[in-house]
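Novice: The structure's right below; bear with me while I get my questions together.
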Amino acid sequence: MHLGLILGDQLSRTLPTFRRLNRERDIIVMAEVWAEARYVAHHRQKLFNCFSAMRHFAEELETAGWQVRYLPLDGDTAFASLQAAVDAVKNEYSIDRIVLTEPGEQRLLSEMANWESHFNCPVELLEDTRFLMSLADFAHWAQGRKALRMEYFYRLMRQRTGLLMNEENQPEGGQWNYDADNRRAWRGEPSAPEPMLFEPDSIDQNVATMIEQLFPDGWGDVQPGLWPVARRQAQASLTHAVSHLSHFGDFQDAMASDEPWLFHSRLSSALNQGLLTPMEVCEAVADAYYRDRIPINAAEGFIRQIIGWREYVRGMYWYLRLFEPQNSLNHHNALPDYFWTADTRMQCVQQSVRQTRALGYAHHIQRLMVTGNFSLIAGLDPEAVSEWYLGVYVDAYQWVERPNTLGMALHADGGRMTSKPYAASGQYINRQSNYCKTCWYNVKETTGSRACPFNGLYWHFLMRHQDRFRSNGRMGLMYRNLDKKSSAEREALWQQGENIIARLPLL
Ligand SMILES: Cc1cc2nc3c(=O)[nH]c(=O)nc-3n(C[C@H](O)[C@H](O)[C@H](O)COP(=O)(O)OP(=O)(O)OC[C@H]3O[C@@H](n4cnc5c(N)ncnc54)[C@H](O)[C@@H]3O)c2cc1C
Ligand code: SF4
Numbered sequence: 001m002h003l004g005l006i007l008g009d010q011l012s013r014t015l016p017t018f019r020r021l022n023r024e025r026d027i028i029v030m031a032e033v034w035a036e037a038r039y040v041a042h043h044r045q046k047l048f049n050c051f052s053a054m055r056h057f058a059e060e061l062e063t064a065g066w067q068v069r070y071l072p073l074d075g076d077t078a079f080a081s082l083q084a085a086v087d088a089v090k091n092e093y094s095i096d097r098i099v100l101t102e103p104g105e106q107r108l109l110s111e112m113a114n115w116e117s118h119f120n121c122p123v124e125l126l127e128d129t130r131f132l133m134s135l136a137d138f139a140h141w142a143q144g145r146k147a148l149r150m151e152y153f154y155r156l157m158r159q160r161t162g163l164l165m166n167e168e169n170q171p172e173g174g175q176w177n178y179d180a181d182n183r184r185a186w187r188g189e190p191s192a193p194e195p196m197l198f199e200p201d202s203i204d205q206n207v208a209t210m211i212e213q214l215f216p217d218g219w220g221d222v223q224p225g226l227w228p229v230a231r232r233q234a235q236a237s238l239t240h241a242v243s244h245l246s247h248f249g250d251f252q253d254a255m256a257s258d259e260p261w262l263f264h265s266r267l268s269s270a271l272n273q274g275l276l277t278p279m280e281v282c283e284a285v286a287d288a289y290y291r292d293r294i295p296i297n298a299a300e301g302f303i304r305q306i307i308g309w310r311e312y313v314r315g316m317y318w319y320l321r322l323f324e325p326q327n328s329l330n331h332h333n334a335l336p337d338y339f340w341t342a343d344t345r346m347q348c349v350q351q352s353v354r355q356t357r358a359l360g361y362a363h364h365i366q367r368l369m370v371t372g373n374f375s376l377i378a379g380l381d382p383e384a385v386s387e388w389y390l391g392v393y394v395d396a397y398q399w400v401e402r403p404n405t406l407g408m409a410l411h412a413d414g415g416r417m418t419s420k421p422y423a424a425s426g427q428y429i430n431r432q433s434n435y436c437k438t439c440w441y442n443v444k445e446t447t448g449s450r451a452c453p454f455n456g457l458y459w460h461f462l463m464r465h466q467d468r469f470r471s472n473g474r475m476g477l478m479y480r481n482l483d484k485k486s487s488a489e490r491e492a493l494w495q496q497g498e499n500i501i502a503r504l505p506l507l
């Protein structure tokens, strides 16, 4: 008899594990364990989503005739680790082989390194074919390249998948990338769609009660029904997202007070848990384009996120070993408390943290250009920032969170992922949002006690790291603007930055 272990982010019937198992003969183990619930301070909504989705998936497998041993965290025996859970089941049955699909994270893979000797039986780790490019192919693409830019990777993926490619194997619409058409600010029109919600069932209610009991002091609100936690719900969310995708492209980079979702799909958590496959999501979007339901900038912009960014960050996580500590800019400032409390006068940060606490979600530009940009220019410790991102979002798993945080947002990887740091002053946030209108700080001021902190920190960042970035062609304009300032102005900006950094916890 084989034992098939299914991890919490492997909730897919297409998982290779199922092809190696026999429904009549073998047993499937799924376990909620303390080590997974606690390796970082997870948002309680994330814990809810994980456990509820696991329980729904176990039920689906049982209905399909699989023998499943489900070990809940609130059961008679709650296990400390996956190894302990497998041990317990293995001792009950005569198991000759353990089969699983490789975990997405190095954290777990390294824990499994001694499993064969520990369990004294073969442990078969299968390649995770749910991704569109294998790690071997990614390494092949990356090897020997001077610059590992996402755009070239993305074009290759378009060709490999055939998504939005015409009969001459050229990109639909004539352009590879409509990024320049994705930067409109949103001023209230057209109205943003309501998110798709679900009626909680008894599994959801039990999991919500368990979270309240076992994690009473955990961070974040729990709302059963807010996110898809079963395959059929994920499919409904996909249909809903595609039917509202027309404006995704236009307003992809927009932000607005009390509008947490705008035109974003909210599919990341379902994708990362395995409830949807990347290809089915992209095919649904391409189909909507060919039926003239969504414009090319929406379809291309969306598909780029999945076959481009999502696959690229996963490849980079392993290829660049981004699971190891990164801090190329030598930043060590502590994470201010308002990353948890939202108690700050900076309206943009307050909005982003408040909605993160309430929903386990902030969209990409909030993550990148508000909290990420702030962490970068304020010189916050990258590992502390990364741990925050890993904890607070419902879609956070190391393979996707660490490249985005350490590579894209914080430039802590030494610029191997992005050609220049995403450092911006308050002007960017003002252009893309309405946050500044109600902020205590003044986005137009660069010095003085009410000047927008992003402004002082931005100039300080440029001066602090000029030895590294001045020769970077893509930052030429930034440094030319700095050089236009008199030495007295530069001195005042430097001092402003110093004052803000000294008062970081109090902003
Ligand atoms: C600092 C930082 C940390 C992040 N951490 C995570 C994380 O832990 N988990 C996560 O899934 N995404 C992460 N992202 C990427 C992105 O912000 C989220 O995928 C997105 O906000 C999820 O919301 P959505 O489903 O509404 O996305 P949409 O805007 O609707 O995008 C569609 C889909 O594209 C994919 N996608 C978009 N951008 C990225 C990206 N940069 N990397 C990988 N996939 C992408 C997601 O699967 C997403 O569902 C992070 C970004 C930054 C800047
Ligand atoms: S003024 Fe500065 S701190 Fe305030 S919302 Fe605008 S960018 Fe953020």
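Positions 1 to 507 (my numbering) are the ones given, in order, by the sequence shown.
Idealized CB from N, CA, C, for every residue including glycine.
Less than 8 Å between the C-beta atoms of TRP261 and ALA358, yes or no?
Specialist: Numbered from 1 along the sequence shown, position 261 holds the residue referred to as residue 261. Numbered from 1 along the sequence shown, position 358 holds the residue referred to as residue 358. No, they are not a contact pair.
Novice: Would you tell me roughly how many angstroms separate the C-alpha atoms of ARG130 and LEU15, rounded to the nearest one?
Specialist: The count along the sequence shown starts at 1 and reaches residue 130 at position 130. The count along the sequence shown starts at 1 and reaches residue 15 at position 15. Each residue's alpha carbon lies about 7 Å from the other.
Novice: Of the residues SER257, GLY497 and MET475, which one's Cα is nearest the Cα of GLY415?
Specialist: Counting from 1 along the sequence shown, the entry for residue 415 is found at position 415. Nearest C-alpha to GLY415: MET475.
Novice: Given a cut-off of 8 Å on the beta-carbon distance, is the pair GLU124 and GLU102 in contact?
Specialist: The residue given as residue 124 occupies position 124 in the sequence shown. The residue given as residue 102 occupies position 102 in the sequence shown. Not a contact, by the Cβ cut-off of 8 Å.
Novice: Please report how far the alpha carbon of LEU275 lies from the alpha carbon of SER433, in whole angstroms.
Specialist: Along the sequence shown, read from residue 1 onward, the residue named residue 275 stands at position 275. Along the sequence shown, read from residue 1 onward, the residue named residue 433 stands at position 433. Cα to Cα, LEU275 sits roughly 32 Å from SER433.
Novice: Taking C-beta to C-beta, are ILE296 and GLY162 nearer than 8 Å?
Specialist: Numbered from its first residue, the sequence shown carries residue 296 at position 296. Numbered from its first residue, the sequence shown carries residue 162 at position 162. Result no, Cβ atoms of ILE296 and GLY162 do not sit closer than 8 Å.
Novice: Taking C-alpha atoms, which residue in SER471, ARG470, GLN466 and THR447 lies nearest to GLU489?
Specialist: By 1-based counting over the sequence shown, the position of residue 489 is 489. Of the candidates SER471, ARG470, GLN466 and THR447, the one whose C-alpha sits nearest the C-alpha of GLU489 is THR447.
Novice: On a Cα-Cα basis, can you pick out the residue from TRP309, ARG314, VAL370 and ASP253 that is closest to ARG187?
Specialist: Locating residue 187 in the sequence shown gives position 187, counting from the first residue. Of TRP309, ARG314, VAL370 and ASP253, the residue nearest in Cα terms is ASP253.
Novice: Can PHE461 and ILE429 be called in contact, C-beta distance under 8 Å?
Specialist: By 1-based counting over the sequence shown, the position of residue 461 is 461. By 1-based counting over the sequence shown, the position of residue 429 is 429. The answer is no: Cβ separation not under 8 Å.
Novice: Spell out the partners DSSP gives LEU71 in its beta bridges.
Specialist: By one-based count along the sequence shown, residue 71 stands at place 71. ALA31.
Novice: Residue ranges of each beta strand (DSSP E) run of no fewer than 3 residues wholly in the stretch 143-188, ordered along the chain?
Specialist: The qualifying runs do not exist here; there are none.
Novice: Answer with buried or exposed for GLN305, where buried requires no fewer than 16 other C-beta atoms within 10 angstroms of its C-beta.
Specialist: Within the sequence shown, numbered from 1, the residue matching residue 305 stands at position 305. Buried, since its Cβ has 16 or more Cβ neighbours within 10 Å.
Novice: Put LEU126 into one of helix, strand or coil per three-state DSSP.
Specialist: Along the sequence shown, one-based indexing puts residue 126 at 126. Reduced to three states, the DSSP call for LEU126 is strand.
Novice: Please check the pair LEU132 and ILE307, which I expect to be a contact at CB under 8 Å, by giving their CB distance rounded to whole angstroms.
Specialist: Within the sequence shown, the letter at position 132 stands for residue 132. Within the sequence shown, the letter at position 307 stands for residue 307. Indeed, because the Cβ distance is near 6 Å, the residues count as touching under 8 Å.
Novice: Strictly closer than 5 Å from CB to any heavy atom of ligand 4: give me those residues in the order they appear in the chain.
Specialist: As for ligand 4, it is missing from this structure, which binds only ligand 1 and ligand 2.
Novice: Does the distance between the C-beta of PHE51 and the nearest non-hydrogen atom of ligand 1 fall short of 7 Å?
Specialist: Along the sequence shown, one-based indexing puts residue 51 at 51. For ligand 1, not one heavy atom lies less than 7 Å from the Cβ of PHE51.
Novice: Where are the alpha helix (DSSP H) runs, 4 residues long or more, that stay fully inside the stretch 366-452, in chain order?
Specialist: Qualifying alpha helix (DSSP H) stretches, in chain order: 373-377, 382-392, 398-402 and 426-432.
Novice: Can at least three beta-carbon pairs, one atom from the stretch 109-120 and one from the stretch 384-403, be found at a separation below 8 Å?
Specialist: The stretch 109-120 is not in contact with the stretch 384-403.
Novice: Does the beta-carbon of GLN10, which I'm using as the reference point, lie nearer than 7 Å to any heavy atom of ligand 1?
Specialist: Translated into positions along the sequence shown, residue 10 becomes position 10. No, ligand 1 has no heavy atom inside 7 Å of this Cβ.
Novice: For the beta strand (DSSP E) holding ARG97, just list the boundary residues, first then last.
Specialist: One-based indexing of the sequence shown puts residue 97 at position 97. First-last of the beta strand (DSSP E) with ARG97: 97-101.
Novice: When every heavy atom of ligand 1 is checked, does at least one fall within less than 7 Å of the C-beta of SER265?
Specialist: The count along the sequence shown starts at 1 and reaches residue 265 at position 265. Answer for SER265: yes, Cβ within range of ligand 1.
Novice: Express the C-alpha separation of GLY426 and GLY456 in angstroms, rounding to a whole number.
Specialist: Position 456 of the sequence shown holds residue 456. Position 426 of the sequence shown holds residue 426. One C-alpha to the other measures close to 9 Å.
Novice: CA-CA distance, VAL392 and GLY220?
Specialist: By 1-based counting over the sequence shown, the position of residue 392 is 392. By 1-based counting over the sequence shown, the position of residue 220 is 220. Taking the straight line joining both Cα atoms gives about 8 Å.
Novice: Taking only three categories from DSSP, how would you classify HIS244?
Specialist: Here residue 244 corresponds to residue number 244 of the sequence shown, with the count starting at 1. HIS244: coil per DSSP, three-state reduction.
Novice: Can you grab the Cα-Cα spacing for the pair HIS244 / GLN366, in whole Å?
Specialist: Reading the sequence shown from its first residue, position 244 is the one you call residue 244. Reading the sequence shown from its first residue, position 366 is the one you call residue 366. Taking the CA atoms as reference points, HIS244 sits about 20 Å from GLN366.
Novice: Compute the minimum distance between the beta carbon of THR277 and the heavy atoms of ligand 1, and state whether it is under 7 Å.
Specialist: Residue numbering aside, residue 277 sits at position 277 when the sequence shown is read from its first letter. Flag unset: Cβ of THR277 not near ligand 1.
Novice: Within 10 angstroms of the Cβ of TYR361, are there 16 or more other Cβ atoms? Answer buried if so, exposed if not.
Specialist: Residue 361 sits at position 361 when you count from the first residue of the sequence shown. With 16 or more neighbouring CB atoms inside 10 Å of its own CB, TYR361 falls in the buried class.
Novice: Between VAL349 and GLN67, what straight-line distance do the alpha-carbon atoms span, to the nearest angstrom?
Specialist: Mapped onto the sequence shown, residue 349 falls at position 349. Mapped onto the sequence shown, residue 67 falls at position 67. Between VAL349 and GLN67, the C-alpha separation is close to 48 Å.
Novice: Taking buried to mean at least 16 other C-beta atoms within 10 Å of its own C-beta, is SER268 buried or exposed?
Specialist: As a first step, residue 268 must be located in the sequence shown, where it is residue number 268. It is buried - the Cβ of SER268 has at least 16 other Cβ atoms within 10 Å.
Novice: Rounded to the nearest angstrom, what separates LYS508 and SER486 at their Cα positions?
Specialist: Residue 508 lies beyond the residue range present for the chain, which begins at 1 and ends at 507; the question has no answer from this structure.
Novice: For GLU105, which of ARG402, ASN499 and ALA502 has the nearest alpha-carbon?
Specialist: Within the sequence shown, residue 105 is the residue found at index 105, counting from 1. Cα-wise, what sits closest to GLU105 is ARG402.
Novice: Does the Cβ of ASP128 lie closer than 7 Å to at least one heavy atom of ligand 1?
Specialist: Position 128 of the sequence shown holds residue 128. Flag unset: Cβ of ASP128 not near ligand 1.
Novice: Are the stretch 231-245 and the stretch 276-284 in contact at 8 Å, needing three or more beta carbon pairs?
Specialist: Contact between the stretch 231-245 and the stretch 276-284 is present, because at least three Cβ pairs lie under 8 Å.
Novice: Beta-carbon within less than 7 Å of ASN333's beta-carbon, same chain only, minus the 5 sequence neighbours each way: which residues are those?
Specialist: Here the question's residue 333 lines up with position 333 in the sequence shown. So the list reads ALA378, GLY379, LEU380, ASP381, ILE501 and LEU504, once near-sequence residues are dropped.
Novice: Determine the direct distance from the alpha carbon of PHE79 to that of LEU73, and round the result to whole angstroms.
Specialist: Within the sequence shown, numbered from 1, the residue matching residue 73 stands at position 73. Within the sequence shown, numbered from 1, the residue matching residue 79 stands at position 79. Using only the alpha carbons, I get a separation of about 7 Å.
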